[in-house]
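*Asks:* Residue numbers (this note's numbering): 81 to 478.
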Ligand SMILES: Cc1cc2nc3c(=O)[nH]c(=O)nc-3n(C[C@H](O)[C@H](O)[C@H](O)COP(=O)(O)OP(=O)(O)OC[C@H]3O[C@@H](n4cnc5c(N)ncnc54)[C@H](O)[C@@H]3O)c2cc1C
């Protein structure tokens, strides 16, 4: 592993740092940061994130890993890492359309027709078209290939009937990348196709699902004979599993992005420094210190594992099981951090937004519940453990 950066990489960092130093104060003037931003008021934070996204897009900082021909910067993996580091360092808010930029764009440039590339890609980057991912169903989550939503050919269209579930941001999306079964007679991985579906199409019903945090960030979607032009087939008919694999590969790479954890660790450390109990700083309590040190060690070890993952990719090697190790440890470390905040604050950590005594507008109570998502989204911890057990430890299957 080489920890130093080349002069062009340092120049890239400086260019971004200078842009952030000028652009962020302007954004903050328009959307003053509030302590509960990002997690407690999703609509307010969406509006702010959208405005920030558009500012970044105008300056060419959205989808930097996309090839230049599709509007990206063709950034190297190292530049992407620098980008993430600088965004965290500056405390910049995230943009929007993560699924569009992280998953749908790459799927379209690997599998799309020239018309699909021309029409969809620029609007994904600008967030004029926001996307959701219609993969999971009530009977197909970990076993995704078991999906049952059907698409039947009818002239120049497919007619789609079925249900999707846990679809993040479906209520804000203009388009959905949808997996459907087109050949029920074929072996299950071989009868699936991928469609690009306009969410405004007649006979689509979106129902919000309220999460344990009280927010309704994801949804159920019902398709009742929804007509989709055949021109919106992505990849080959019955070749949808290949498209899904491309998407899941990019999703796993995105999950290896530890920015969200490092930001959270910084906030909990600041909490330990600024919280006083019986006249003493919470961070001076040996039990709190021990716990924070342990979690900090885990988060540093994770960063190094992330760099090892990067090194493999730079050497052109196939992604190894580091993705699963990263996801598992991120899940545990995030949850332990939320527990550490509880230890620092004591019973006040449980007070929810709306209470006059809630610390930081209820952020910590929220985080203790929010932390649970990481063990489910993008492949559950049990599935990740099976991957590590079978591929790294050589344990027998099942
Ligand atoms: C915050 C969040 C956002 C999401 N966003 C989206 C989205 O935008 N689009 C989308 O398509 N999906 C989305 N999902 C769905 C997510 O991909 C699924 O929840 C996940 O794949 C698990 O599937 P499931 O919920 O059907 O659980 P199941 O697969 O039914 O699993 C239930 C339990 O059984 C265990 N289990 C299942 N199979 C095995 C096995 N072989 N070995 C051991 N244990 C097993 C699981 O670990 C789990 O504990 C989201 C989920 C969350 C939490």
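Built from N, CA and C at the ideal position, the CB exists for glycine as well.
1. Can you give the beta carbon distance from residue 314 to residue 256, rounded, assuming they're within the 8 Å contact cut?
2. Would you mind listing the alpha helix (DSSP H) stretches within the stretch 454-478 that are 4+ residues and don't spill past its ends, in chain order?
3. Within 8 Å, do at least three Cβ pairs link the stretch 207-227 to the stretch 258-270?
4. If I measure Cβ to Cβ from residue 220 and keep anything under 6 Å in the same chain, skipping five residues before and after, which residues do I get?
5. For residue 309, collect the residues of the same chain with a Cβ closer than 7 Å to its Cβ; drop the 5 residues on either side in sequence, then sort them by chain order.
6. Answer yes or no: the CB of residue 462 versus the heavy atoms of ligand 1, is any distance below 7 Å?
7. With distance defined between alpha-carbon atoms, name the residue in 89, 181, 446 and 93 nearest to residue 292.
8. Tell me the rounded alpha-carbon separation between residue 418 and residue 448.
9. If we ignore side chains and look at the alpha-carbon of each, how far apart do residue 473 and residue 93 end up?
10. Is residue 224 near residue 324, with beta carbons less than 8 Å apart?
11. Do residue 464 and residue 379 come within 8 Å of each other at the CB atom, strictly closer than that value?
12. Less than 7 Å separating the Cβ of residue 456 from some heavy atom of ligand 1?
13. Can you find at least 3 beta carbon pairs, one from the stretch 144-153 and one from the stretch 104-113, that sit closer than 8 Å?
14. Provide the residue(s) that pair with residue 249 in DSSP beta bridges, ordered along the chain.
15. Ligand 1 and residue 93: does any heavy atom of the ligand fall closer than 7 Å to the residue's C-beta?
16. Can you tell me the Cα-Cα spacing of residue 348 and residue 162, whole angstroms?
17. Is any heavy atom in ligand 1 found nearer than 7 Å to the beta carbon of residue 247?
18. Closest by CA to residue 385, which one among 320, 406, 345 and 444?
19. In chain order, what residues of the same chain have a beta carbon less than 8 Å from the beta carbon of residue 342, not counting five sequence neighbours either side?
20. Would the beta-carbon of residue 453 be found less than 7 Å away from any heavy atom of ligand 1?
21. Could you have a look at residue 244 and say whether DSSP puts it in helix, strand or coil?
22. Closest by CA to residue 358, which one among 191, 377 and 424?
23. So residue 430 is in the alpha helix (DSSP H); what residue range does that whole segment cover?
24. How is residue 302 classed by DSSP in three states: helix, strand or coil?
25. Tell me whether residue 466, by its Cβ, gets closer than 7 Å to a heavy atom of ligand 1.
26. Can you tell me whether residue 222 sits near ligand 1, meaning its C-beta is under 7 Å from at least one heavy atom of the ligand?
27. Could you pull the start and end residues of the alpha helix (DSSP H) that residue 444 belongs to?
28. Flag residue 273 as yes when its Cβ comes closer than 7 Å to any non-hydrogen atom of ligand 1, and as no otherwise.
*Replies:* According to the structure shown:
1. Counting from one through the chain shown, the residue named residue 314 turns up at place 234. Counting from one through the chain shown, the residue named residue 256 turns up at place 176. 12 Å between Cβ atoms; not a contact.
2. Residue ranges of uninterrupted alpha helix (DSSP H) with 4 or more members, entirely inside the stretch 454-478 and ordered along the chain, are 461-467.
3. Touching, yes.
4. Within the chain shown, the letter at position 140 stands for residue 220. Excluding positions up to five away in sequence, the list reads 226 and 227.
5. Position 229 of the chain shown holds residue 309. These residues qualify, in order along the chain: 236 and 237.
6. Translated into positions along the chain shown, residue 462 becomes position 382. Residue 462 has its Cβ nearer than 7 Å to a heavy atom of ligand 1.
7. Position 212 of the chain shown, counting from 1, holds the residue named residue 292. Per the C-alpha coordinates, the member of 89, 181, 446 and 93 positioned closest to residue 292 is 446.
8. Counting from one through the chain shown, the residue named residue 418 turns up at place 338. Counting from one through the chain shown, the residue named residue 448 turns up at place 368. One C-alpha to the other measures close to 5 Å.
9. The count along the chain shown starts at 1 and reaches residue 473 at position 393. The count along the chain shown starts at 1 and reaches residue 93 at position 13. Taking the straight line from one Cα to the other gives about 39 Å.
10. Position 144 of the chain shown, counted from the first residue, corresponds to residue 224. Position 244 of the chain shown, counted from the first residue, corresponds to residue 324. Yes, they are a contact pair.
11. Start at 1 with the first residue of the chain shown, and residue 379 comes out as number 299. Start at 1 with the first residue of the chain shown, and residue 464 comes out as number 384. For residue 379 and residue 464, no; Cβs fall outside 8 Å.
12. The residue you call residue 456 lines up with position 376 of the chain shown. A heavy atom of ligand 1 is found nearer than 7 Å to the CB of residue 456.
13. Touching, no, given that fewer than three Cβ pairs across the two stretches are closer than 8 Å.
14. What you label residue 249 is simply residue 169 of the chain shown in a count that begins at 1. Per DSSP, residue 249 has no beta bridge partner at all.
15. In the chain shown, residue 93 corresponds to position 13, counting from 1. Residue 93: no, Cβ never under 7 Å from ligand 1.
16. Taking the first residue of the chain shown as position 1, residue 348 is located at position 268. Taking the first residue of the chain shown as position 1, residue 162 is located at position 82. Between residue 348 and residue 162, the alpha-carbon positions lie close to 23 Å from each other.
17. Within the chain shown, residue 247 is the residue found at index 167, counting from 1. The answer is yes for residue 247.
18. Here residue 385 refers to the residue found at position 305 of the chain shown. Ranking the options by Cα distance to residue 385, first place goes to 406.
19. The count along the chain shown starts at 1 and reaches residue 342 at position 262. Cβ within range, chain order: 168, 379 and 383.
20. The sequence position of residue 453 within the chain shown is 373, counting from 1. Checking every heavy atom of ligand 1 against the Cβ of residue 453, one is found closer than 7 Å.
21. Sequence index remark: in the chain shown, residue 244 carries index 164 (1-based). Here DSSP, grouped into helix, strand and coil, assigns residue 244 to strand.
22. Reading the chain shown from its first residue, position 278 is the one you call residue 358. Each of 191, 377 and 424 was checked against the Cα of residue 358, and the nearest Cα belongs to 424.
23. By one-based count along the chain shown, residue 430 stands at place 350. Careful: residue 430 lies outside any alpha helix (DSSP H) and carries neither H nor E.
24. As a position in the chain shown, residue 302 is number 222, starting the count at 1. In the displayed model, residue 302 falls within a strand according to three-state DSSP.
25. Walking along the chain shown from the start, residue 466 turns up at place 386. Under cutoff, so the answer is yes.
26. What you label residue 222 is simply residue 142 of the chain shown in a count that begins at 1. Residue side-chain check: residue 222 places its Cβ nearer than 7 Å to a non-hydrogen atom of ligand 1.
27. Taking the chain shown and counting its residues from 1, one reaches residue 444 at position 364. For residue 444, the enclosing alpha helix (DSSP H) covers residues 443-450.
28. Reading the chain shown from its first residue, position 193 is the one you call residue 273. Every heavy atom of ligand 1 is 7 Å or more from the Cβ of residue 273, so no.
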